[in-house]
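Chains B and G supply the protein sequences, listed in that same order. Numbering of the first sequence is given in the working numbering, commencing with residue 6 and proceeding in unit increments. Numbering of the second sequence is given in the working numbering, commencing with residue 164 and proceeding in unit increments.
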Amino acid sequence: MSEHILSSKMYYGIWIALMILTVVTARVAFIDLGPFNTVVALVIATCKALLVVLFFMHVKYASEKLVKMVIVASIFWLLLLLLLSLADYGTRYVRHA
Amino acid sequence: MSDSPAAVEQQGQHGPELLHHFTSVQQQRDAASLGMWLFLGTEIMFFGGMFLAYLIYRLWYFNEFAAGSRSLDITLGTVNTIVLICSSLTVALGVRAAQMGKRKLLIVLLLLTLIFGLAFLGIKGVEWYAKYKEHHIPGASFDVSDLIRDYPQIHIDPAHAQIYFSLYFAMTGLHALHMIIGVGLFTYLLYHAAKGRYGPEYYTPIEMGGLYWHFVDVVWIYLFPLLYLIDRKPLG
Chain B
6 MSEHILSSKM
16 YYGIWIALMI
26 LTVVTARVAF
36 IDLGPFNTVV
46 ALVIATCKAL
56 LVVLFFMHVK
66 YASEKLVKMV
76 IVASIFWLLL
86 LLLLSLADYG
96 TRYVRHA
Chain G
164 MSDSPAAVEQ
174 QGQHGPELLH
184 HFTSVQQQRD
194 AASLGMWLFL
204 GTEIMFFGGM
214 FLAYLIYRLW
224 YFNEFAAGSR
234 SLDITLGTVN
244 TIVLICSSLT
254 VALGVRAAQM
264 GKRKLLIVLL
274 LLTLIFGLAF
284 LGIKGVEWYA
294 KYKEHHIPGA
304 SFDVSDLIRD
314 YPQIHIDPAH
324 AQIYFSLYFA
334 MTGLHALHMI
344 IGVGLFTYLL
354 YHAAKGRYGP
364 EYYTPIEMGG
374 LYWHFVDVVW
384 IYLFPLLYLI
394 DRKPLG
């Protein structure tokens with residue numbers, strides 16, 4: 006996709022960050038943060054996903070706008086699916102205990 | 164684009180790095196990466212449906228999801244996450260090795276990726292076998308009386324717990340299927356790398372295989388907290 010060659014130090018740095026975030030998310034899960042446990046877990050997961058997509062998948066250095074558009078459109082469509090559906094199911098009165 | 168006589172004439176001299184229907188190497192690479200990302204877009208929607216089903220049932224049957232999540236082996240789950248992250252590193256370094264024409268390094272990194280991939284599948288198999296022994300696989304012999312006994316604080320309806328485990332097996336199963344396909348893909352890449360097919364002028368297959376591998380890694384990055392870490396805090 007890009008002829009840009011990143012330094013191996015950069016890859017090792019991203020790898021270390023991903024390892025640290027994995028250990029942190031597994032540890033934090035045991036601390037009672039109330040409803041924020043889920044929020045923290047998803048924020049950490051999204052940080053990890055961003056690191057992988059931007060650096061390992063070279064999206065940060067992608068030159069073609071068309072590829073970036075496909076990526077943004079895919080995520081937008083996914084969010085439409087998740088958010089609109091949850092806006093429905095999450096606000097129904099009926100509780101399935 | 165055009166079938167100009169010159170392009171057709173050159174056809175015989177061109178290797179896979181420039182097929183005759185492309186005007187330039189850059190155009191061929193851009194076409195490959197656009198196609199790969201479109202495919203990954205369909206994969207996002209494919210897994211997205213499963214994630215949506217998971218989110219809705221989790222909203223409805225949180226207690227059973229929390230208890231089911233507690234029954235998973237968090238140590239094996241964390242180790243598997245680390246294994247996948249290591250495999251993503253070897254893939255990223257492998258693409259770099261191909262870009263720089265380091266053939267031996269590329270072969271070593273592809274081999275390491277395969278080992279990590281197989282290790283992930285092996286650990287996953289161990290986890291599934293544990294679930295089989297515990298009768299946590301949905302079906303006729305499904306039984307969560309152990310969870311009801313272990314977590315008296317949580318109200319657990321076995322039918323709802325079965326939904327959690329159905330989603331657990333469907334999602335980790337589809338992810339494992341992608342891993343198996345990835346292992347096949349990388350065996351192919353390893354074979355051709357050993358024959359010296361990839362170098363600085365042609366490494367698109369390594370790059371596209373890498374995109375697939377990283378995508379499967381990203382899916383796991385979300386599966387891990389959503390399945391293993393739903394509710395691990397001490398029960399009051």
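By construction, the Cβ of each residue, glycine as well, lies at the ideal position given by its N, Cα and C atoms.
For a test of the three-state rule: what should DSSP assign to residue i, helix, strand or coil?
i        : result
G/Tyr365 : strand
G/Gly425 : Since the first residue shown for chain G is 164 and the last is 399, residue 425 of chain G is missing from the structure and cannot be characterised.
G/Val379 : helix
G/Tyr292 : helix
G/Val171 : Residue confidence for G/Val171 is low, a pLDDT of 47 falling below 50, so the modelled location carries little weight; the figure read from the coordinates is stated next. Correct three-state label for G/Val171: helix.
B/Asp93  : helix
B/Tyr98  : coil
G/Ser250 : helix
G/Gly347 : helix
G/Phe305 : coil
G/Glu145 : As shown, chain G starts at 164 and ends at 399. That puts residue 145 of chain G outside it, with no answer to give.
B/Ser79  : helix
G/Lys287 : helix
G/Lys358 : coil
B/Glu69  : coil
G/Arg395 : coil
G/Leu386 : helix
G/Ile245 : helix
G/Glu180 : coil
G/Leu330 : helix
G/Ser165 : Bear in mind that the predicted position of G/Ser165 carries a pLDDT of just 49, short of 50, making it unreliable; the figure below should be weighed with that in mind. G/Ser165: coil per DSSP, three-state reduction.
G/His341 : helix
B/Met74  : helix
G/Ile237 : helix
B/Leu84  : helix
G/Ile319 : coil
B/Leu38  : coil
G/Glu227 : helix
G/Ile278 : helix
G/Phe185 : coil
B/Ile10  : coil
G/Ile270 : helix
Starting from residue i, trace the alpha helix (DSSP H) both ways and give me its first and last residue.
i        : result
G/Gln190 : Val188 to Trp223
G/Ser308 : Ser308 to Asp313
B/Gly18  : Ser13 to Val33
B/Phe41  : Phe41 to Leu56
For residue i, would you say it is in contact with chain B, using Cβ-to-Cβ distances shorter than 8 Å as the test?
i        : result
G/His298 : no
G/Val171 : At G/Val171, the pLDDT of 47 sits below 50, so the modelled position is not reliable and the matter cannot be decided from this model.
G/Lys294 : no
G/Met213 : no
G/Lys267 : no
G/Ile344 : no
G/Pro397 : yes
G/Leu374 : yes
G/Val379 : no
G/Arg360 : no
G/Ala255 : yes
G/Ile248 : yes
G/Pro388 : yes
So, does the CB of residue i fall closer than 8 Å to a CB anywhere in chain G?
i       : result
B/Thr96 : no
B/Leu86 : yes
B/Ala31 : yes
B/Ile25 : no
B/Leu59 : no
B/Tyr16 : yes
B/Trp82 : yes
B/Val77 : no
B/Ala92 : no
B/Phe35 : yes
B/Val44 : no
So with CB distances below 7 Å, who are the chain A contacts of residue i?
i       : result
B/Lys53 : Absent here is chain A; the protein component of the structure consists of chains B and G.
(message) Against chain B, which members of the stretch 309–335 of chain G pass a CB distance test of less than 7 Å?
(response) Within the stretch 309–335 of chain G, no residue has a Cβ lying closer than 7 Å to any Cβ of chain B.
(message) If the cut-off is 7 Å on Cβ atoms, which residues from the stretch 219–246 of chain G count as contacting chain B, listed in chain order?
(response) Ile219, Leu222, Trp223, Tyr224, Ile237, Thr241, Thr244 and Ile245
(request) Give the residues from the stretch 261–289 of chain G that approach chain B closer than 8 Å (Cβ to any Cβ), ordered along the chain. (result) Gln262 and Met263
(request) Taking only beta carbons into account, state which residues of the stretch 188–207 of chain G come closer than 8 Å to chain B, listed in chain order. (result) Residues passing the 8 Å Cβ filter: Arg192, Asp193, Ser196, Leu197, Trp200, Leu201, Leu203, Gly204 and Ile207.
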